[in-house]
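For reference, the structure discussed in these notes is given below.
If you want it as structure tokens, here you go:
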């Protein structure tokens, strides 16, 4: 019989840990929280120091009974929930239910699920950290007071099913503010002059810089024409040649935020999907008996730290030396933390750097492999030597008119051999090298082309950009980003259009009301300060009751004002300009979880709904009768189909062009890629570049 009982959060972890600990340990799972505030009421007694009313979560009764039975038979109980505030709170709730002495050393934490890490953590159990518990309680109570008081008000004044929360309301406000910036943006004209220069058989690009060494901005065509008039002939003198060497350092290992951003850029993963797969990799994958059975492949995935243990660094350096050579080993860098970083545990990294992605590809699912490969490559690259770039800047002159050309090439790839960080910029210039030019020599301008440009508005937020902004501003914590993005979409406050957030009318109405009656809820500075207050509770510097009371006194007064003064708002449905084919009533636009759709105004007597179809001006290549329309899956992925569906089942993930292939007569489609989009034939090898 097992002498010790270990309680973790998930069954997947339980199997792995039990195998590492041996027969004297029985490991079971609590399946997350066992107690919480009731769903049917606020559950916070504001008259009695904000005392929370915890109840057993519905459906957890039989599980708790099993845990109590196992606890009675054990000599020692260890609580091994996740190593963060939430995990500490779960351990505290379990201690209450199982009558565990809070002064006993019953808490075990580990950053990775490997044999060495697990065994080491059980050598050093500790007491439950009540500062961590209080910080989690404060957040939970604060969010409950906000949500359970404002949400019913919004149901009454606007629409049922709405909600408000500290972090989600600020996120929606950021999206609305960006949309207002875009609407208010006035483009400004500016010009550039580009040239192709030749020296012998070699050619290179250059751009207008200024006059007599002073940089000049070109604001209109008149200024461009004046510059072109001053040029004499097409001969330019090489005035200066400047060669330099610069180093480029690798990106630091992943935090939760940077992982979500990079997975969005490189893998097209939504934040929620990234965290789900990362959880699987952390809890353990069955690698087979030869490889050690169920094994945790990465360290804990909720972290805002880029710190890496010295042991992991040494293993990485050894791997890099064997694989690439000693010159590829990077220095022992110190991690850089944000001011708001808790640095509770390490960055996200592989638990064993020798377990390279290709060696376990056949065992992992496609998505697990892709995310593990991303994490593994980022970590290995972070421990490698900087890349060395040769750069060359050439100044070319004609009658005082100055053009410049910049070239660069890789001298030593360093970390770039393994991994290069992605970018939110849609286009990045490729490295180019200039011919061997000498000062005083002459080159010819083959083409001089003036180009008109207009300044662009700030881009809408993608999931990656929004997560980055939330992190930079100190709003929320690693564990809150994915659920926040999910909530604001489910509530219909924002929608995704081409993977970019746009606010809905409902989102703008709710935000406007919150701005008027609860300005602190959507104030970035206030939200950041509150995160700092929660951190101070965790550090043992503030009492949680004091923080809650400080907030609630002003909040309660605003709540009473809003109850009396907030006007009821009726959101009228926008007419669609067509009648329902089933009952003849007018069709209207409705906002659902997946965006706008058409619905009958005679609801609930008539429940006819249909998607909004966007024609692309192409006749269906299959039935030759219908028109090809743009549709979207539930996950918002765009595809193309015939408007005569289900009679015609034509479908294409690529946009049909309406033109047939000159080789085989199949309709050509547009194939979009980040680097270069093309028109291709789906049946043969015909291709052409998009204009």
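Numbering (UniProt numbering), first residue to last: 1 to 691. Glycine included, every Cβ here is placed at the ideal spot set by N, Cα and C. No experiment lies behind these values; they were computed from the predicted model shown.
C-alpha distance - residue i paired with residue j, whole-angstrom precision
i           : j           : result
residue 248 : residue 402 : 29 angstroms
residue 407 : residue 392 : 5 angstroms
residue 477 : residue 47  : 30 angstroms
residue 133 : residue 347 : 23 angstroms
residue 481 : residue 465 : 12 angstroms
residue 101 : residue 146 : 33 angstroms
residue 672 : residue 629 : 18 angstroms
residue 105 : residue 53  : 26 angstroms
residue 60  : residue 564 : 41 angstroms
residue 692 : residue 461 : An answer regarding residue 692 cannot be provided, because it is not within the stretch 1 to 691 covered by the chain.
residue 498 : residue 670 : 16 angstroms
residue 103 : residue 76  : 14 angstroms
residue 573 : residue 584 : 17 angstroms
residue 469 : residue 251 : 18 angstroms
residue 130 : residue 81  : 15 angstroms
residue 299 : residue 649 : 46 angstroms
residue 227 : residue 215 : 13 angstroms
residue 463 : residue 260 : 8 angstroms
residue 367 : residue 220 : 50 angstroms
DSSP-derived helix/strand/coil call for residue i
i           : result
residue 385 : coil
residue 519 : coil
residue 453 : strand
residue 640 : strand
residue 211 : strand
residue 35  : strand
residue 398 : strand
residue 318 : helix
residue 727 : It is not possible to answer for residue 727, since the shown part of the chain is limited to 1 through 691.
residue 550 : helix
residue 269 : coil
residue 510 : helix
residue 185 : coil
residue 666 : coil
residue 558 : helix
residue 689 : strand
residue 180 : helix
residue 199 : strand
residue 362 : coil
residue 301 : coil
residue 41  : coil
residue 630 : strand
residue 379 : helix
Of the residues the options, the one placed nearest residue i, counting alpha carbons only
i           : options            : result
residue 411 : 395, 394, 396, 432 : 432
residue 70  : 58, 98, 57         : 98
residue 502 : 141, 138, 176      : 176
residue 575 : 369, 126, 586      : 586
residue 224 : 452, 668, 39       : 452
residue 148 : 446, 556, 86       : 556
residue 445 : 9, 113, 234        : 234
residue 297 : 250, 310, 350      : 350
residue 151 : 140, 165, 139      : 165
residue 602 : 264, 613, 590, 611 : 590
residue 707 : 108, 130, 131, 128 : The question about residue 707 has no answer here: the residues shown for the chain are numbered 1 through 691.
residue 199 : 42, 328, 305, 442  : 442
residue 73  : 229, 26, 458, 561  : 26
residue 376 : 415, 51, 386       : 415
residue 289 : 363, 50, 398, 524  : 363
residue 128 : 143, 244, 88, 141  : 88
residue 543 : 599, 137, 637      : 137
residue 624 : 647, 237, 49       : 647
Expected contact under 8 angstroms - CB spacing of residue i and residue j to nearest Å
i           : j           : result
residue 5   : residue 30  : With 8 angstroms as the limit, residue 5 and residue 30 do not qualify as a contact, their Cβ atoms being about 12 angstroms apart.
residue 547 : residue 169 : That belief does not hold up - the Cβ atoms of residue 547 and residue 169 are roughly 19 angstroms apart, past 8 angstroms.
residue 493 : residue 510 : 6 angstroms
residue 7   : residue 94  : 6 angstroms
residue 404 : residue 640 : Between residue 640 and residue 404 the Cβ distance is about 45 angstroms, and since that is not below 8 angstroms, they are no contact.
residue 19  : residue 277 : So it is not a contact: roughly 23 angstroms between Cβ atoms.
residue 655 : residue 616 : 7 angstroms
residue 644 : residue 626 : 4 angstroms
residue 253 : residue 378 : 6 angstroms
residue 418 : residue 384 : 7 angstroms
Residue ranges of each alpha helix (DSSP H) run of no fewer than 4 residues wholly in the region 102–177, ordered along the chain?
The region 102–177 contains these whole alpha helix (DSSP H) runs: 115–123, 130–157.
Quiz item: In chain order, which beta strand (DSSP E) runs of at least 3 residues are fully inside the region 560–617?
Solution: 574–579, 586–592, 595–600, 609–611
*asked:* List, from N- to C-terminal side, the beta strand (DSSP E) runs of 3 residues or more that fit wholly inside the region 459–489.
replied: If we require 3 residues or more, the region 459–489 turns out to have no beta strand (DSSP E) run fully inside it.
Inside the region 231–283 only - alpha helix (DSSP H) runs reaching at least 4 residues: Correct list: 256–267, 271–283.
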